[in-house]
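For what it's worth, this note's numbering labels the leading residue of the sequence shown as 92, then goes sequentially.
We treat Cβ as the ideally placed atom computed from N, Cα and C, and that holds for glycine.
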Amino acid sequence: MKELNLRGNALLLKGARVLDPGAGLDGVMDLRIVEGRIAEIGPALNAGAGAVLDLSGALVTPGLVDLRSRFGEPGQEERETIATGLRAAAAGGFAEVCVLPETTPPIDDAAGLEFWRTRAASHAARLLPVACVTRGGSGEILADLAELVDAGAVAFSDGYRGLPGAHALRGSLLYARQFKRPIFQLSADESLLGGEVHEGRASLFSGLKGIPSIAEDIAVYRDIRCAEYENAPLHLQLLSTRESVDLLREARERGVPVSGDVGVHHLCFTEEDFLASDYGPGLRLQPPLRTEQDRRALIAALKDGVLSAIVSDHRPADFDRMDREFSYRPFGASSLETCIGAAVKALVETGELSLGRLVELFSDGPRAVLGRPAVRIAVGQVACLSLLRNESWTYRRTAGQSRGVNSPWEGQELPMRGLGVLNGDLACLDESLAELIRV
Numbered sequence: 092m093k094e095l096n097l098r099g100n101a102l103l104l105k106g107a108r109v110l111d112p113g114a115g116l117d118g119v120m121d122l123r124i125v126e127g128r129i130a131e132i133g134p135a136l137n138a139g140a141g142a143v144l145d146l147s148g149a150l151v152t153p154g155l156v157d158l159r160s161r162f163g164e165p166g167q168e169e170r171e172t173i174a175t176g177l178r179a180a181a182a183g184g185f186a187e188v189c190v191l192p193e194t195t196p197p198i199d200d201a202a203g204l205e206f207w208r209t210r211a212a213s214h215a216a217r218l219l220p221v222a223c224v225t226r227g228g229s230g231e232i233l234a235d236l237a238e239l240v241d242a243g244a245v246a247f248s249d250g251y252r253g254l255p256g257a258h259a260l261r262g263s264l265l266y267a268r269q270f271k272r273p274i275f276q277l278s279a280d281e282s283l284l285g286g287e288v289h290e291g292r293a294s295l296f297s298g299l300k301g302i303p304s305i306a307e308d309i310a311v312y313r314d315i316r317c318a319e320y321e322n323a324p325l326h327l328q329l330l331s332t333r334e335s336v337d338l339l340r341e342a343r344e345r346g347v348p349v350s351g352d353v354g355v356h357h358l359c360f361t362e363e364d365f366l367a368s369d370y371g372p373g374l375r376l377q378p379p380l381r382t383e384q385d386r387r388a389l390i391a392a393l394k395d396g397v398l399s400a401i402v403s404d405h406r407p408a409d410f411d412r413m414d415r416e417f418s419y420r421p422f423g424a425s426s427l428e429t430c431i432g433a434a435v436k437a438l439v440e441t442g443e444l445s446l447g448r449l450v451e452l453f454s455d456g457p458r459a460v461l462g463r464p465a466v467r468i469a470v471g472q473v474a475c476l477s478l479l480r481n482e483s484w485t486y487r488r489t490a491g492q493s494r495g496v497n498s499p500w501e502g503q504e505l506p507m508r509g510l511g512v513l514n515g516d517l518a519c520l521d522e523s524l525a526e527l528i529r530v
């Protein structure tokens, strides 16, 4: 991938399928970009001045958004830096990515957000900072949310730990409500955690300690009731059980300001895949892979709009952390570069979702969760675009952008890959496209 500054340059994207369900666009056409904005849309546009990118067979969509990724900088750069993480996002087709504050030290003040902003400024894939709800992500004393909003925080989260109890969550919701920023919560009852895999066939046949589905269900009920009581926006992340989806559906029908998302791996795999994987990389997840019935319920919730988004849950780990017995490896998978292809494989190729609906779940849905306006492909709009190609490719981490070595897709074929992103004057493109542009 190559980062480019296109300021002062015109660019013609030629012959791509342009798909923007919200704008009613779905067809092969050309897009002319001038000074970072869409200047013209139509069939067979004249080349004019500037570079021409032949995107025949490619797909152009509104800039896709990932609501949940973890990098490592500062303090854990061996996992992922800002630069490698944002290049991985662009390689996966993500124009914007919400990054969790689980760093060393955690991002819980304006100085930390300014560090992130400075490090990300030159990259086309935009870092959307999620700041800690509590100081140090401890779940105890609230951080200065007003200061964090002024410094650019788009949401608040204590990451994979989550807010541990109703008292902490209620206080956070009450404080965050005045800033119109959601709390991102990973709902889990801590007293029922401590395992590694789903409590069921996975734990029975592997001999590993299980995490019961009620660890999530009980916490989801508690968290929804807190949001309902305070009438404050809450976003539940990485839902994995059919019971928690049912609770979310009922709450939304009551008008509770709560939304939810699902990790891409919980749409692709179940506990049976874990058992068949011989403890392979990328399938030690938090929450764990559940049953086929749970997977079907998650897909149904995407179809009817109960779940607002699909997330990559990018959680890279370096070789030293992965070169251990299964129980001593970190949770998570490196997934930014494979997320879109995996979702197409699990949902579009199987006929579960249309490609247009999938685009909505990676664009309009996430932006609605954040309270941000939808991005449209229309004349006069800033060019926030994702470029993808419908072609089979084999994922190899050694050819990727991320430092993570923990992908469950290593050596496997996926049906769609990212070609890069455009964000105003900035672009990050596959080398085969970038070499056609003179800047």
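heavy atom of the ligand FAD below 7 Å from residue i C-beta
{"i": "Asp-411", "result": "The ligand FAD is not among the ligands present in this structure, which contains no ligands whatsoever."}
CB contact flag (residue i, residue j, <8 Å)
{"i": "Leu-264", "j": "Cys-317", "result": "yes"}
{"i": "Pro-196", "j": "Arg-467", "result": "no"}
{"i": "Ile-274", "j": "Val-224", "result": "yes"}
{"i": "Ala-136", "j": "Leu-103", "result": "First, the amino acid is wrong: residue 136 is Leu here, not Ala. Closer than 8 Å, so yes."}
{"i": "Leu-110", "j": "Val-353", "result": "no"}
{"i": "Leu-339", "j": "Leu-329", "result": "no"}
{"i": "Met-532", "j": "Ala-181", "result": "Nothing can be reported for residue 532, as the shown portion of the chain is limited to 92 through 530."}
{"i": "Thr-429", "j": "Leu-505", "result": "yes"}
{"i": "Leu-389", "j": "Leu-438", "result": "no"}
{"i": "Leu-236", "j": "Phe-270", "result": "yes"}
{"i": "Val-496", "j": "Phe-360", "result": "no"}
{"i": "Ala-179", "j": "Gln-492", "result": "yes"}
{"i": "Ala-293", "j": "Glu-319", "result": "no"}
{"i": "Gly-227", "j": "Asp-200", "result": "no"}
{"i": "Gly-127", "j": "Asp-516", "result": "yes"}
{"i": "Leu-177", "j": "Val-402", "result": "no"}
Best match in the options for proximity to residue i [C-alpha to C-alpha]
{"i": "Asp-308", "options": "Lys-93, Leu-277, Ser-294 and Ala-323", "result": "Leu-277"}
{"i": "Asn-481", "options": "Leu-204, Pro-379, Pro-378 and Ser-147", "result": "Ser-147"}
{"i": "Ala-101", "options": "Thr-485, Tyr-312 and Glu-131", "result": "Glu-131"}
{"i": "Asp-521", "options": "Leu-478, Gly-139 and Val-245", "result": "Leu-478"}
{"i": "Gly-471", "options": "Ala-367, Ile-129 and Arg-123", "result": "Ile-129"}
{"i": "Gly-509", "options": "Gly-99, Ala-434, Ala-293 and Val-460", "result": "Ala-434"}
{"i": "Val-336", "options": "Ala-323, Thr-441, Gly-396 and Arg-170", "result": "Gly-396"}
{"i": "Met-507", "options": "Tyr-486, Gln-492 and Arg-463", "result": "Tyr-486"}
{"i": "Leu-299", "options": "Ile-173, Leu-97 and Tyr-419", "result": "Tyr-419"}
{"i": "Tyr-266", "options": "Pro-324, Ser-445 and Gly-291", "result": "Pro-324"}
{"i": "Arg-98", "options": "Val-125, Tyr-370, Arg-261 and Gly-115", "result": "Val-125"}
{"i": "Arg-123", "options": "Ala-138, Gly-115, Gly-113 and Pro-112", "result": "Ala-138"}
{"i": "Tyr-370", "options": "Ala-408, Ala-474, Val-288 and Val-512", "result": "Val-288"}
{"i": "Pro-372", "options": "Thr-382, Gly-423, Gln-384 and Ile-198", "result": "Gly-423"}
{"i": "Pro-379", "options": "Gly-346, Pro-421, Glu-341 and Ala-392", "result": "Pro-421"}
{"i": "Arg-208", "options": "Gly-243, Glu-238 and Thr-175", "result": "Gly-243"}
{"i": "Gly-291", "options": "Ser-498, Gly-183 and Gln-384", "result": "Gln-384"}
{"i": "His-469", "options": "Ala-107, Gly-432 and Gly-133", "result": "Per the sequence shown, the amino acid found at residue 469 is Ala instead of His. For the residues Ala-107, Gly-432 and Gly-133, the minimum Cα distance to Ala-469 belongs to Gly-133."}
Counterpart residues of residue i in DSSP-defined beta bridges
{"i": "Gly-117", "result": "Sequence inspection shows Asp at residue 117; the Gly mentioned does not correspond to that position. Asp-117 pairs with Leu-110."}
{"i": "Lys-105", "result": "Asp-145"}
{"i": "Ala-135", "result": "Answer by DSSP bridge pairing: none, since Ala-135 is not bridged."}
{"i": "Leu-265", "result": "DSSP output for Leu-265 lists no bridge partner at all."}
{"i": "His-289", "result": "Ile-302"}
{"i": "Trp-500", "result": "The partner list for Trp-500 (beta bridge, DSSP) is empty, contrary to what the question assumes."}
{"i": "Leu-150", "result": "Arg-108 and Leu-479"}
Segment limits, beta strand (DSSP E) that includes residue i
{"i": "His-326", "result": "325-327"}
{"i": "Glu-187", "result": "185-190"}
{"i": "Leu-299", "result": "Premise fails: Leu-299 is in no beta strand (DSSP E) and is neither H nor E."}
{"i": "Gly-432", "result": "Where Gly-432 is concerned, there is no enclosing beta strand (DSSP E), although the alpha helix (DSSP H) it sits in stretches over 430-434."}
{"i": "Val-512", "result": "508-514"}
{"i": "Ala-367", "result": "Premise fails: Ala-367 lies in the alpha helix (DSSP H), 362-367, not in any beta strand (DSSP E)."}
{"i": "Gly-351", "result": "349-354"}
{"i": "Ile-274", "result": "274-276"}
Presumed contact (8 Å Cβ cut-off) between residue i and residue j, rounded CB distance
{"i": "Gly-285", "j": "Leu-254", "result": "The pair is not a contact, with the Cβ atoms about 18 Å apart (cut-off 8 Å)."}
{"i": "Val-349", "j": "Leu-327", "result": "7 Å"}
{"i": "Arg-161", "j": "Arg-406", "result": "5 Å"}
{"i": "Ala-222", "j": "Pro-192", "result": "5 Å"}
{"i": "Leu-144", "j": "Lys-105", "result": "6 Å"}
{"i": "Cys-519", "j": "Glu-94", "result": "5 Å"}
{"i": "Ile-173", "j": "Glu-164", "result": "5 Å"}
Endpoints, alpha helix (DSSP H) assigned at residue i
{"i": "Gln-384", "result": "383-394"}
{"i": "Phe-206", "result": "201-211"}
{"i": "Val-336", "result": "333-344"}
{"i": "Ile-401", "result": "That residue, Ile-401, is in no alpha helix (DSSP H); its beta strand (DSSP E) goes 400-402."}
{"i": "Asp-314", "result": "305-321"}
{"i": "Leu-155", "result": "Looking at the DSSP string, Leu-155 is not in any alpha helix (DSSP H); the run it does join, the beta strand (DSSP E), is 155-160."}
{"i": "Glu-94", "result": "Looking at the DSSP string, Glu-94 is not in any alpha helix (DSSP H); the run it does join, the beta strand (DSSP E), is 93-96."}
{"i": "Phe-417", "result": "First-last for Phe-417: undefined, no H or E at that position."}
{"i": "Cys-223", "result": "Note, Cys-223: premise wrong, no alpha helix (DSSP H); not H, not E."}
{"i": "Gly-176", "result": "173-182"}
{"i": "Leu-330", "result": "Here Leu-330 belongs to no alpha helix (DSSP H), and DSSP marks it neither H nor E."}
{"i": "Ser-523", "result": "522-525"}
{"i": "Arg-458", "result": "455-461"}
C-beta neighbour in chain D for residue i, strict 8 Å
{"i": "Leu-158", "result": "Checking the listed chains, one finds no chain D in this structure; it contains a single protein chain."}
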